[in-house]
Ligand SMILES: Nc1ncnc2c1ncn2[C@@H]1O[C@H](COP(=O)(O)OP(=O)(O)OP(=O)(O)O)[C@@H](O)[C@H]1O
Ligand SMILES: [Mg+2]
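Residue numbers (the working numbering): 28 to 308.
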């Protein structure tokens with residue numbers, strides 16, 4: 028099995044049981060021998076990847092983040108949910124130093140990265156897939172992939188090109204095509220493949236399936252689920268609340284630059300009022 032097989036995840040599933048019962052990861056062997064992290068352990072410093080405390084971020088005079096705090100543990104999959112313009116992307120940009128927080132504190136594995144430049148933060152083992160995907164349109168799929176490749180922060184190299192192409196056969200077929208010759212779905216596969224080739228401990232996906240055809244959306248959710256099984260932590264922003272709830276351990280609802288609610292997916296499934304109030308569904 029591989030990432031072209033889309034039938035093994037029900038994106039409309041709104042219980043976690045379906046995920047637990049799914050065997051696609053085993054069949055693919057993607058996670059084999061890779062799972063390192065245990066998200067369920069106690070919060071020892073080694074288990075915590077990022078803590079962000081009381082972030083205040085501005086665009087010029089416009090005060091956008093008004094005290095965001097969050098935590099992500101090694102191996103955890105979390106979502107940032109919320110309506111348009113509430114501050115999800117800005118939260119990600121603040122964590123990465125792209126739009127640095129004016130006050131507050133961000134620690135990555137206990138190191139204070141609040142004032143670090145983005146390139147230095149990324150080197151701690153973070154791969155970022157922005158809303159616009161950011162592939163190189165005039166480079167081939169192969170070149171896009173090779174340019175990204177680097178060992179992880181601990182020197183491991185679990186995602187060489189041949190493994191990536193085995194898992195993403197669609198990219199293998201398109202290996203000599205230019206970035207701008209790919210469909211939106213193929214481009215998103217490429218960005219995720221490229222992110223994996225950096226051997227990250229944390230993958231950040233903004234608008235993971237935005238604008239994609241349903242078939243590709245299902246493929247991307249399936250890939251995300253497989254990535255989760257390998258022990259890579261993930262922060263996902265997406266509009267598909269059902270899919271987020273089926274794949275994420277915990278969720279943050281962002282409203283007007285603040286965390287309006289946080290909790291696990293089972294809890295959120297039982298809160299239709301929250302859906303109505305903050306998510307517009
Ligand atoms: N570069 C910018 N300059 C000025 N204001 C900005 C800029 N980027 C975002 N904003 C504003 O900051 C607020 C938060 O935007 P942000 O992009 O973080 O929201 P979001 O939750 O990611 O929304 P969406 O779901 O539409 O992607 C919005 O009011 C937006 O208009
Ligand atoms: Mg956004």
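Glycine residues also receive a C-beta, built at the ideal position from the N, C-alpha and C atoms. This one's a predicted model, so the numbers in the text were calculated from it and none came from an experiment.
Within the same chain, Cβ atoms closer than 6 Å to the Cβ of residue 163 are found at 171 and 206, the five residues on either side in sequence being excluded.
Nearest in C-alpha terms to residue 93, of all of 83, 102, 87 and 100, is 83. Bounds of the beta strand (DSSP E) holding residue 260 are 260-264.
The alpha-carbon separation between residue 230 and residue 271 amounts to approximately 15 Å.
At least 8 Å separates the beta-carbon of residue 277 from that of residue 158. In this structure, residue 274 lies near residue 252, with their beta-carbon atoms less than 8 Å apart.
The beta carbon of residue 232 is closer than 6 Å to those of 156 and 263 in its chain, skipping five residues each way along the sequence. Residue 238 holds the alpha-carbon nearest to the alpha-carbon of residue 213 among 227, 265, 238 and 190. Rounded to whole angstroms, the Cβ separation of residue 124 and residue 144 is 6 Å, and the two are in contact under 8 Å.
For residue 192, the closest alpha carbon among the candidates 135, 173 and 179 is that of 173. Inclusion of residue 107 and residue 281 in the CB contact set at 8 Å is warranted, their separation being smaller than that value.
Relative to residue 153, the option among 297, 131 and 76 whose CA is nearest is 76. Between ligand 2 and residue 115, a heavy atom-to-CB distance of less than 7 Å is present. Assignment of beta-bridge partners to residue 177 by DSSP yields no partner.
In this structure, residue 151 and residue 180 form a Cβ contact; the two beta carbons are roughly 6 Å apart against a cut-off of 8 Å. Following the DSSP letters along the chain, one finds residue 308 in no alpha helix (DSSP H), marked with neither H nor E. Inside the stretch 272-297, DSSP marks whole alpha helix (DSSP H) runs of 4 or more residues at positions 292-296, from first to last along the chain.
Sorting 165, 166, 235 and 185 by C-alpha distance to the C-alpha of residue 258 places 185 at the top. Taken atom to atom, the span from the alpha-carbon of residue 196 to that of residue 242 is near 15 Å. Counting along the chain, the unbroken alpha helix (DSSP H) around residue 223 starts and ends at 211-223.
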